[in-house]
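Data block below; observations after.
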Amino acid sequence: MAEESRIQELSLEDVMGERFGRYSKYIIQERALPDIRDGLKPVQRRILFAMNEDGNNYQHAYRKSAKAVGNVMGNYHPHGDSSIYDALVRMSQSWKMRETLIDMNGNNGSIDNDPPAAMRYTEARLSMIASEMLTDLDQQAVDMVLNFDDTRYEPTVLPSRIPNLLVNGASGISAGYATEIPPHNLSEVVNALIYLLAHPAASLDDLMTYVKGPDFPTGGIIQGIDGIKNAYTTGRGKIYLRSKTEIKQLKANKKQIEISELPYEVNKSALVARIDEIRVNKDVNGITEVRDDTSREGLLIVIELSKDANAEGILDYLFKKTDLQIAYNFNMTAIEKQRPVSVGLKQALSAFLDFRKEVIRRRTEFELKKAQKRQEIVEGLIKMLSVLDEVVSTIRTSESRKNAKDNLIEKFGFSDPQAEAIVTLQLYRLTNTDVLALQEEHDQLTAQITDFNLILTDPNVLSKVIKGELKDIDKKYASPRRSQIQAEVSELKIDTAVMIANEDVIVQITKNGYAKRASFRSYKATDENGLTEDDYPVYLARVNTLSHLFIFTNKGNLIYRQVYELTDSKWKDAGEHFSQEVSGMTEDETIVKVFDFENLNHKGSFVFASSDAFVKQVDMTALAPSKYYKKRASKAIAIKGHNQLTSVEFAATENHLVVLTTEKGYLYKFPLSEIASMTAKSSGAKPVKIAKKDRVVSMDMIESEDLVVLITDRGHLKIINSIEIPISTVDSIQRAESIFMTDDLIGGAQAINPESRPQLQAVTSKDQLIDFSVNPANSAGLDDEFKRKIKLAKNSIIVKVRLKQEVVENG
1 MAEESRIQEL SLEDVMGERF GRYSKYIIQE RALPDIRDGL KPVQRRILFA MNEDGNNYQH
61 AYRKSAKAVG NVMGNYHPHG DSSIYDALVR MSQSWKMRET LIDMNGNNGS IDNDPPAAMR
121 YTEARLSMIA SEMLTDLDQQ AVDMVLNFDD TRYEPTVLPS RIPNLLVNGA SGISAGYATE
181 IPPHNLSEVV NALIYLLAHP AASLDDLMTY VKGPDFPTGG IIQGIDGIKN AYTTGRGKIY
241 LRSKTEIKQL KANKKQIEIS ELPYEVNKSA LVARIDEIRV NKDVNGITEV RDDTSREGLL
301 IVIELSKDAN AEGILDYLFK KTDLQIAYNF NMTAIEKQRP VSVGLKQALS AFLDFRKEVI
361 RRRTEFELKK AQKRQEIVEG LIKMLSVLDE VVSTIRTSES RKNAKDNLIE KFGFSDPQAE
421 AIVTLQLYRL TNTDVLALQE EHDQLTAQIT DFNLILTDPN VLSKVIKGEL KDIDKKYASP
481 RRSQIQAEVS ELKIDTAVMI ANEDVIVQIT KNGYAKRASF RSYKATDENG LTEDDYPVYL
541 ARVNTLSHLF IFTNKGNLIY RQVYELTDSK WKDAGEHFSQ EVSGMTEDET IVKVFDFENL
601 NHKGSFVFAS SDAFVKQVDM TALAPSKYYK KRASKAIAIK GHNQLTSVEF AATENHLVVL
661 TTEKGYLYKF PLSEIASMTA KSSGAKPVKI AKKDRVVSMD MIESEDLVVL ITDRGHLKII
721 NSIEIPISTV DSIQRAESIF MTDDLIGGAQ AINPESRPQL QAVTSKDQLI DFSVNPANSA
781 GLDDEFKRKI KLAKNSIIVK VRLKQEVVEN G
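For the sequence shown, position 473 matches number 473 in full-length UniProt numbering, and the numbering has no gaps at all.
Below you can see the structure in the form of structure tokens.
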């Protein structure tokens, strides 16, 4: 029956809620979050208190860490020894604490995240600055409570003279709350406290003239003053921490990047490994070696670069892709009056000043009582000396100590403490007490009591005491700022060039829209080129991976690509069709012409000619790629009806002549300067009239004395001097007469230099390529016959003539 009465039927929901609530309250208040007053978590406070209690401070020799951990665990913190040791070690790590509170002898870990030596090997003691947090403990300056087993007392907070919450910051996670408070410069915080003490209504901007921002122990560069202001206002904000780097110029046009400071809590060895991984994977072009040259002289990571590497571009890439730059999020949560609160800069400073006022008030009250008690005794001793013989006689005739004390009180009017002090003195002390020394002590006590009363009653005097202590702290422990602050966050734009291997490759783009790039080795390894029977290469060249390609289609569209963006294929493969990436390409859309450029800064314009004789110029800058270039083509010329873009040329200057050739054998020549420069979306203008059933089959840019090779669809050709072609007007025409009146000049024309013997290439209706050469010496007149015949396959005609495309093998 008794057993049954102990069983309670309760709702799991209620039990879980109530129990988890108690647990949450415990870990919020007693584990993960720092107190706003001393900036310590309970385990840190207990470590410092226990070591101080044992006299394990900077004035004594080191003691084994295991002893300190054991004392803390056995007397104040009944949790795992590893968590206590971890907390102790962290307080000794100069790369995590702006001002270390523990002085450790031995391996206490490293910025590479190496573990510390076991506690049985290391030694530890309180640092000098930690002693400033424990001063006044013996003067009842803070509340003391019983420990977990009610055998000892421990402080609820340390009477710290150091604004530790801001100076060393804090990091932790509890139930429903987390904290991330960055370290700050001690001198800056102290000066802000002094200013706030004198100006309680100070604004945040006033305080930030002193506390400019966090000051991380690892240094580095802080970017984002707005994020700092937000954090100091609301307790939450975001900044960016960047490594301190320098690009050094070496011999032979080489450079190296040197990293001397890292963002807070970045693992150095992991960072070096990540940068080396980027080098091995060739994610960025130009890194030859990554070295960790850190020594006793300081941190140093060296990144060696290849000759002519883009050091700035590589550094920007590393900032973006590695922990050379990180985001830091403020979450300034602390325990204030037993509750977690988000605190800004002024609230944190004010809370510390209020705490110091309370500590000094309690300390002063303790000292006042002590001085008053001593003064009462001194007054009794002075009074005793005036009746010394009677006092001695009274004590001698008394039966006991208590009787002597009662007799002194009754006979001479001494107070109980005075009588107790007199009977405690030995006889030789009674007779040898110096009244002058007592009077001097009395005067000193009177002055002290006056000072103590002033501190307790006059706020200005109390403020002076706080100010004096703060100045003393600043004088003893001030150190220069380590982190540099930059107001703006630098926008990281990764230069694509640094990510690409800077090398030459073979590129092929076909009439039907297949494109690929391959290594020169792959190109030489096979005679197969991946072409189908109905296709041929419009563009075949050896180009750099960083070159820019302008690809024009018969529909007047422009497809832009950098060479490295083309599919990397084996040469025998077909490559990838543009329609797989570019939306809107039609089945009958083909590639007309491809141009390659080293950069997009070329001066000049593209010249377009459509089959219906519309021509125009478009400045290269007007055809610059849009941010959507990978997904859709841009318009280069508007094509009307069923017409097509016939030819595209690039002119760096206007010192050229243009020759239009029509299917029916008409030639039109006029200066390039007469072709208007228009927008990309326009159709152009008609400089000449052509017959309704005729169409333009080619456009050539020529010099005044160039030769023009004319070829018919049946393979007949002749060479004429361009001088013989008169300058055309809107109504003028000039026909290249032919004895083969059944032929069309569909093969078009190709301009050549009279000093050269170029290889030409005819493209047939069967998409075959026929190579042939011409001799400029065999030029004919405009009215002369077409004499030479190119042999064609059955039912095949020539549809295009062009200079033969050859891949340069060297350079």
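All residues carry an ideal CB built from backbone N, CA and C; glycine is no exception. None of the values given here were measured: they were computed from a predicted structure.
Residues of its chain near residue i, where Cβ-Cβ distance is below 8 Å and the 5 sequence neighbours each way are ignored
{"i": "G380", "result": "F414, S415, P417, Q418, A419, A421 and I422"}
{"i": "V391", "result": "M384, L408, F412, I422 and L430"}
Three-way DSSP call (helix, strand, coil) for residue i in this model
{"i": "S342", "result": "strand"}
{"i": "Q372", "result": "helix"}
{"i": "F597", "result": "strand"}
{"i": "E261", "result": "strand"}
{"i": "V211", "result": "coil"}
{"i": "E703", "result": "coil"}
{"i": "N795", "result": "coil"}
{"i": "M499", "result": "helix"}
{"i": "L70", "result": "The sequence as given places Gly at residue 70; Leu does not occur at that position. Three-state result, G70: helix."}
{"i": "P155", "result": "strand"}
{"i": "D474", "result": "helix"}
{"i": "residue 814", "result": "Outside the shown range of the chain, which is 1 to 811, sits residue 814, and nothing can be said about it."}
{"i": "F740", "result": "With a pLDDT of 40 at F740, under the threshold of 50, the modelled position of this residue cannot be trusted; read the value that follows with caution. Correct three-state label for F740: coil."}
{"i": "G575", "result": "coil"}
{"i": "F614", "result": "coil"}
{"i": "E654", "result": "coil"}
{"i": "A685", "result": "strand"}
{"i": "L204", "result": "helix"}
{"i": "K405", "result": "helix"}
{"i": "G172", "result": "strand"}
{"i": "Y177", "result": "coil"}
{"i": "F772", "result": "strand"}
{"i": "F216", "result": "coil"}
Rounded distance between the beta-carbons of residue j and residue i, thought under 8 Å
{"i": "S583", "j": "K631", "result": "6 Å"}
{"i": "V708", "j": "A751", "result": "5 Å"}
{"i": "S83", "j": "I102", "result": "About 15 Å separates the two Cβ atoms, so there is no contact after all."}
{"i": "S683", "j": "A638", "result": "4 Å"}
{"i": "G575", "j": "T567", "result": "5 Å"}
{"i": "I162", "j": "I473", "result": "7 Å"}
{"i": "residue 813", "j": "E265", "result": "Examination of residue 813 is not possible in this model, given that the chain is present from 1 through 811 alone."}
{"i": "L241", "j": "P263", "result": "4 Å"}
{"i": "N778", "j": "I702", "result": "Not confirmed; about 18 Å, so no contact."}
{"i": "V498", "j": "V284", "result": "5 Å"}
Proximity below 9 Å, CB of residue i to CB of residue j
{"i": "I228", "j": "I221", "result": "no"}
{"i": "N52", "j": "A270", "result": "no"}
{"i": "P159", "j": "R363", "result": "yes"}
{"i": "F606", "j": "A652", "result": "no"}
{"i": "Y232", "j": "L204", "result": "yes"}
{"i": "E565", "j": "G513", "result": "no"}
{"i": "K212", "j": "K254", "result": "no"}
{"i": "Q347", "j": "I449", "result": "no"}
{"i": "S110", "j": "R236", "result": "no"}
{"i": "I257", "j": "I326", "result": "no"}
{"i": "L760", "j": "R802", "result": "yes"}
{"i": "I247", "j": "E289", "result": "no"}
{"i": "L88", "j": "I47", "result": "yes"}
{"i": "E261", "j": "N168", "result": "no"}
Residues that DSSP places opposite residue i in a beta bridge
{"i": "R561", "result": "L549"}
{"i": "Y328", "result": "I239"}
{"i": "N221", "result": "Note that residue 221 is Ile in the sequence shown, not Asn. Note: I221 sits in a beta bridge opposite R242 and Q484."}
{"i": "Y539", "result": "I509"}
{"i": "F670", "result": "V658"}
{"i": "residue 812", "result": "Outside the modelled stretch of the chain, which goes from 1 to 811, sits residue 812, for which no answer is possible."}
{"i": "G298", "result": "S295"}
Cβ neighbours of residue i in the same chain (closer than 6 Å, five flanking residues each side left out)
{"i": "N105", "result": "Y62 and E123"}
{"i": "S738", "result": "Any reading at S738 needs caution, since the residue's pLDDT is 40, under 50, leaving its predicted position unreliable; the model's value is listed next. Excluding positions up to five away in sequence, the list reads F786."}
{"i": "W571", "result": "A518, S522, Y523 and T526"}
Close beta carbons around residue i, own chain, < 7 Å, minus the five adjacent residues each side
{"i": "L197", "result": "L353, S463, I466 and K467"}
{"i": "F740", "result": "For F740, the predicted model reports a pLDDT of 40, less than 50, meaning its position is unreliable; a value from the coordinates is still stated below. Counting only Cβ-Cβ distances below 7 Å, and skipping sequence neighbours, we find T712, R714, H716 and F786."}
{"i": "F614", "result": "S683, G684, A685 and K686"}
{"i": "F552", "result": "L558, V592, K593, A636, L645 and V648"}
{"i": "K804", "result": "Q759, L760, Q761 and D771"}
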